[in-house]
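Sequence positions in the sequence shown follow mature numbering (1 follows the signal peptide of the UniProt record, and there is no 0) and run -22 to -1, 1 to 167.
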Amino acid sequence: MSTISQRKALLLAAVIPAFLVAGCGASGNPQAMKGAESQPTESMMPTESGTESMSPTESGSATMSPSPTGTVKGGKVGAAVMAYFDALKSGNVDEIMKLFLDTAVVELDGVPTAEGSSAIRKVIQQQVQGGQNAQATHTIDEVHTVGGEDAFVRTTSTMQGGQVMRAFFILTKQDNGKWKIARLMSNKG
């Protein structure tokens, strides 16, 4: 198994419980979440210097607060996700594509799975047509990193007209220090 495959397997092992907890919380079943609430997890927190650090949280999810320097929630990982949303709002397909790995996979609600740059570009072009994303608001709900090389981000977006969308991002840190989107999955809230 390659190093990249091993890192992605570890990341998935770390985030699957987060998916389950988020799903249980969304279903309104507080009993399903018992036990998960008391286990601290490591979460990225911006520090006063604006750099990323790891800090355990009691609730099992990342509670982020902006640093005095105005760092984006989730530090550089959060900034990469917000860059995606900003480019989506502006309709800049080329800028969006720079944020994805060439081998990325995108699964958007109601759209067939897109694997690789060419297929993702087609899906993104469909998403920006009509400008429905121009007035959307986006919130980073949770950020987790694994080994400093991979990260999971959960977001909530309110689209024009009030429709709520949820998204999960898996990002990988590149040799140049930039975070790129490896996986994106979204559905209606």
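Don't be surprised by glycine CBs; every beta carbon is placed ideally from N, CA and C. Small disclaimer: the values here were computed from a predicted structure and weren't measured.
| Asked | Found |
| --- | --- |
| Report back the beta-carbon spacing between ARG132 and ASP153 to the nearest angstrom; my notes put them in contact at under 8 Å. | 26 Å between Cβ atoms; not a contact. |
| Give me the Cα-Cα distance between THR136 and ILE159, rounded to the nearest whole angstrom. | 21 Å |
| Check each candidate in LEU66, PHE130 and GLN104 and name the one with the smallest Cα separation from TRP157. | PHE130 |
| So, does the region 59 to 72 touch the region 106 to 114, judging by three or more C-beta pairs under 8 Å? | yes |
| Does any residue of chain C have a CB that is nearer than 8 Å to the CB of GLY53? | Included in the structure is just one protein chain, with no chain C present. |
| With a 10 Å radius around its C-beta and 16 neighbouring C-beta atoms as the bar for buried, classify GLY125 as buried or exposed. | exposed |
| Quick one: is VAL59 buried, meaning 16 or more other Cβ sit within 10 Å of its Cβ, or exposed? | buried |
| Using a Cβ-Cβ cutoff of less than 7 Å, which residues in the same chain neighbour VAL71 once the five nearest sequence positions on both sides are dropped? | ARG99, ILE102, GLN103 and VAL106 |
| With burial defined as no fewer than 16 other Cβ atoms inside 10 Å of the residue's Cβ, what is the status of ASN165: buried or exposed? | exposed |
| What residue does the beta strand (DSSP E) around ASP80 start on, and which one ends it? | 78 to 85 |
| Whole angstroms is fine: what's the gap from LEU149's alpha carbon to ASP128's? | 6 Å |
| With a threshold of 6 Å on Cβ separation, who are the neighbours of MET86 within its own chain once the five nearest residues in sequence on each side are excluded? | The question names Met, but residue 86 in the sequence shown is Leu. Around LEU86: SER164. |
| For the putative contact between ALA134 and GLY94, defined by C-beta atoms under 8 Å, what is the C-beta separation to the nearest angstrom? | It should be pointed out that residue 134 corresponds to Thr in this sequence rather than to Ala. That pair is no contact at about 27 Å. |
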